[in-house]
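Participant: The structure under discussion is supplied below as structure tokens; questions concerning it will follow.
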Amino acid sequence: MRNVQLFNSDWLYVADQAALGADDGQFTPVTLPHTNRLFSHRSVDNLDYQFVSTYRKYLDWTPGEAEEKVFLDFDGVMLAATVYANGVLVGEHLGGFTPFSIDLTDALQPGSNAITVYVDSRERTDVPPYGHLVDYLTFGGIYRDVHLRVVPPCHIDNVFVRAQDVLTEPRLSLDVRLSQPAADLRMTASLLTADDEAIASTKGNVSGQTTTLTFHQLPPVDLWTPERPVLHTVEISLYRGDKLLDRTASRFGFRAAEFRADGGFYLNGQRLKLFGLDRHQTFPYIGAAAPARLQRQDADILKHELGCNVVRTSHYPQSPHFLNRCDEIGLLVFEEIPGWQHIGDEAWQSVSLDELRAMIERDRNHPSVILWGVRINESRDDDDFYARTNALSHELDPTRPTGGVRNFLGSSFLEDVYTYNDFSNTMLEPTEQPHLITEFAGHMFPTKAWDNEERLVDHALLHARVQNLQMGNDRVVGAIGWAAFDYNTHIEFGSGDRICHHGVMDIFRLPKWAGRFYESQQSPADRVVLHAATHWTMGDRSVGGVGTLTVFSNCDEIEVFVGDQRIGRYLPNRTDFPHLLHPPFSVDGLDAYNAWGQDKFYDLLLVGYVEGREVAQQRIASSRLPRCLALTADASTLVADGADMTRLVLRITDEFENPVPYSVQAVTLEINGDADLIGENPFAMVGGQGALYLKARHQPGPVTITARAGGLPAASTTVGLLPLDA
Ligand code: GAL
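Under the working numbering, read the sequence shown as residues 277 to 1002, first letter to last.
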């Protein structure tokens, strides 16, 4: 029988290529996911992660009675891995974004076995995305999970769950691939609800290596929708006679996703405008080595905080934890192969095809995934190569269309969906259908979280304008903006601090006003949003004054007060943004109340109404003085597994919780408990805000973190560390 265990703990690490027999004393204990080094959040030099490092772990092995195979399953190692067991080479892998398995069986001995992984994190030109310039950093290390898998020699290797005709008469079939051809075996399969209730079953004999099992009758099933993402599982059992050999579980959803030639995307038969952002998988300080909790939180931020219904995993397959969470919360995904503008030689292309295969075989059961990106982002035409990627994608998954992200018109169109980076920001008329905008804004308007008020407002309004245009254009499927979060990059890009400040959130995932625009497009029934895009000061804008006040809100109406004076009630600006669900509010004339030369400057108060009922208020203090230091942990508990992390958010605010925009004050953190602070300490605030991470060690118990900044009351918070098996 199958036995799968997480293999993340008790690794030894050295930031060097150590000899296979090197003394353990040279190594440091680490837990995966692991970055080959820690960084500052900005000015990261890519040379600093480009080296070969060594990971070692001892595996205690007692052979079972029956014949068995032992695999190490790596979810992701950046950028290439060479694996040894007891000094014997057992496998190699090129490419940092896709999983691979190493068969240890023949190299294992009873007792202790030394597993060594050499991780080459250099930007090797024989491996995508490298070979030319790349506008993102890949970082290094065994940065995703590893599992130990023990299975019989003939076991289930891959399952493709196909739910079809879900709107009429749902059908379900399973393409099951075994590790080797077999004849005298049989299989059974059960369909389970999210509560583990078996609602249908089927069985069949096995012939050859791939068997298709079909459920002949299905009871009525709940559909997977963004609002109610109901998940099901199929459990497959493999038998020889009555002996159970293997059992697997695959999660999926019943949903119909279709891009039609009329220019629309249809989910379960209903047209849905795609509204979303691009996401890079990197984080401040830790590169790409974010544990499950942070991966899942990114999906939650995109869906629940930013109100997106789609994300593009630019420009590579991302963490299984991220995709699992997208399934669970109903966030649609456009997933693409690793790369950036450059296409390498035949060997490079062969790695790319392997990555495409690995991506689709890993992710084709995710109901959230609606489109495969089979072109290297923004690369030139290469009909030979892209005929092969399209064919392979259609062969591995006939149920999903292909897209291929391009940035020039007139390119060869070999895919099913025309996916286009439209940096005109004025929405070109579609040349091909269906037409999905996969990037806009980005480098055309880099904006730092601490930029001046006009810049931040214009950045937010640029996103609002493009989304408004696409919402009003029936020939466009949707628009995915560049980007969700700021990200570390190579020297050829970014603002001089090697960050692309292209996010609607900063690198800490804290919103700029563009983020507030996205937030404001969700239904007030989910979350009421009321946010004034103003520093509320006289002298930050050119010429001075507060100018036109922009408010991002999903309220029907807002009321504005300056000091005690009621200025008026306002409706959303439907003139400039007729197609948005919740247009921004534009309030003019406030300079008459807070004018140059006046002896007093008054507070701003906004009151939001939905269906005539007051639902929210925002007040901004006219003094704009730092009054409060706030420290919050996103999670109140962590698992004491040596890897779990939560974000610690720091804010210096006025008395009404608005960040003081240009605070650069140093904040010093103190920690008490069995955890580490990951980040800069003292931390110099970035536009009144910033974040570090708290990383659990191994002892359960409380951890208290205290933050201090000169002249402000200290802030503290407590996070509980739970035992591993709690
Ligand atoms: C695009 C590219 C992205 C990013 C973006 C910046 O051309 O696809 O990866 O570099 O520009 O705006």
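We put the beta carbon where it would ideally sit given N, CA and C, even for glycine.
The model shown is predicted, which means the values in this text are computed figures rather than measured ones.
#1: Curious, which full-length beta strand (DSSP E) runs of at least 3 residues does the segment 493-574 contain?
#2: Quick check on the DSSP output: what are the complete beta strand (DSSP E) runs of length 3 or more inside the segment 882-953, in order along the chain?
#3: Is Phe861 near ligand 1, with its Cβ less than 8 angstroms from a heavy atom?
#4: Just to confirm my understanding: we take Ser688, look at its own chain, exclude 5 residues before and 5 after, and list those with CB closer than 6 angstroms. What are they?
#5: Given the structure, does Ala759 come close to ligand 1, in the sense that its CB is under 8 angstroms from one of the ligand's heavy atoms?
#6: Which of helix, strand or coil does DSSP assign to Ser771?
#7: Please state the DSSP three-state secondary structure of Glu715.
#8: With DSSP as the reference, please indicate the residues paired to Met463 in a beta bridge.
#9: Can you tell me the Cα-Cα spacing of Phe350 and Glu708, whole angstroms?
#10: Are the CB atoms of Thr826 and Pro860 within a distance shorter than 9 angstroms?
#11: Assuming Ala390 and Tyr334 form a contact by the criterion Cβ under 8 angstroms, report the distance between their Cβ atoms to the nearest whole angstrom.
#12: Are the beta-carbon atoms of Arg601 and Ala911 separated by less than 9 angstroms?
#13: Let me know the secondary structure DSSP gives Lys788 once reduced to three states.
#14: Just how far apart, CA to CA, sit Tyr515 and Arg462?
#15: Counting only the same chain and skipping the five closest in sequence on each side, list residues whose C-beta sits under 6 angstroms from that of Ala960.
#16: Considering only the beta carbon of each residue, do His431 and Arg633 sit closer than 9 angstroms?
#17: CB Asn764 to CB Phe315, shorter than 9 angstroms?
#18: Please report the residue range of the alpha helix (DSSP H) in which Gln743 lies.
#19: Can you grab the Cα-Cα spacing for the pair Arg332 / Leu553, in whole Å?
#20: Does DSSP classify Ile613 as helix, strand or coil?
#21: For the alpha helix (DSSP H) containing Pro596, name the first residue and the last one.
#22: Could you check the C-alpha separation between Trp648 and Thr678 for me, to the nearest Å?
#23: Measure from the alpha carbon of Arg270 to the alpha carbon of each residue in Arg785, Phe784, Asp762, Met781, then state which is nearest.
#24: State the beta-bridge partners of Tyr360 as determined by DSSP.
#25: Helix, strand or coil for His670, going by three-state DSSP, please let me know.
#26: Answer yes if the segment 430-447 comes into contact with the segment 379-388, meaning at least three C-beta pairs across the two stretches below 8 angstroms, and no otherwise.
#27: Straight-line CA distance for Leu424 to Pro339?
#28: According to DSSP, simplified to helix, strand and coil, what is Trp337?
#29: Per the DSSP calculation, Gly966 is bridged to which residue(s)?
#30: With DSSP as the reference, label Arg447 as helix, strand or coil.
#31: Asn683: beta carbon under 8 angstroms from a heavy atom of ligand 1?
#32: Under 7 angstroms Cβ to Cβ from Pro937, same chain only, skipping five residues before and after it: list those, please.
#33: On the premise that Leu924 lies in contact with Leu970, defined as a C-beta separation below 8 angstroms, what is that separation, rounded to the nearest angstrom?
#34: Using the C-alpha atoms, what's the distance from Thr307 back to Pro950?
#35: With respect to 8 angstroms, is the separation between the Cβ of Tyr515 and the closest non-hydrogen atom of ligand 1 below this value?
#36: Report, in whole angstroms, the separation of the C-beta atoms of Lys549 and Met747, which I expect to be a contact under 8 angstroms.
Facilitator: From the atom records:
#1: Annotation note: the segment 493-574 contains the following uninterrupted beta strand (DSSP E) runs of length 3 or greater, listed N- to C-terminal: 508-516, 519-528, 533-535, 541-543, 550-554.
#2: 889-896, 904-909, 913-915, 921-929, 942-948
#3: Outside the cutoff, so no.
#4: For Ser688, same chain residues with a beta-carbon under 6 angstroms away, outside a window of 5 residues either side, are Asp657, Asp659 in chain order.
#5: Flag set: Cβ of Ala759 near ligand 1.
#6: coil
#7: strand
#8: Gly480, Leu514
#9: 39 angstroms
#10: Against a cut-off of 9 angstroms, the Cβ pair of Thr826 and Pro860 comes out as a contact.
#11: 6 angstroms
#12: no
#13: Residue state for Lys788 is assigned as coil, using DSSP reduced to three classes.
#14: Whole-angstrom Cα-Cα distance: 5 angstroms.
#15: Counting only Cβ-Cβ distances below 6 angstroms, and skipping sequence neighbours, we find Val940, Ala942.
#16: no
#17: yes
#18: 729-747
#19: 38 angstroms
#20: In the three-state scheme derived from DSSP, where H, G and I count as helix and E and B as strand, Ile613 is classed as coil.
#21: Pro596: member of the alpha helix (DSSP H) spanning 596-605, first to last residue.
#22: 5 angstroms
#23: No answer is possible for residue 270: the residues shown for the chain start at 277 and end at 1002.
#24: Leu365, Thr392
#25: helix
#26: The segment 379-388, when compared against the segment 430-447, does not touch it at the 8 angstroms Cβ threshold.
#27: Going from the Cα of Leu424 to the Cα of Pro339 covers about 14 angstroms.
#28: The three-state secondary structure of Trp337, taken from DSSP, is strand.
#29: Leu926
#30: strand
#31: Yes, since a heavy atom of ligand 1 falls inside the 8 angstroms radius drawn around the Cβ of Asn683.
#32: Trp726, His811, Gly963, Gly964
#33: 5 angstroms
#34: In the sequence under discussion, the amino acid at residue 950 is Asp, which differs from the Pro named in the question. Cα to Cα, Asp950 sits roughly 15 angstroms from Thr307.
#35: no
#36: 6 angstroms
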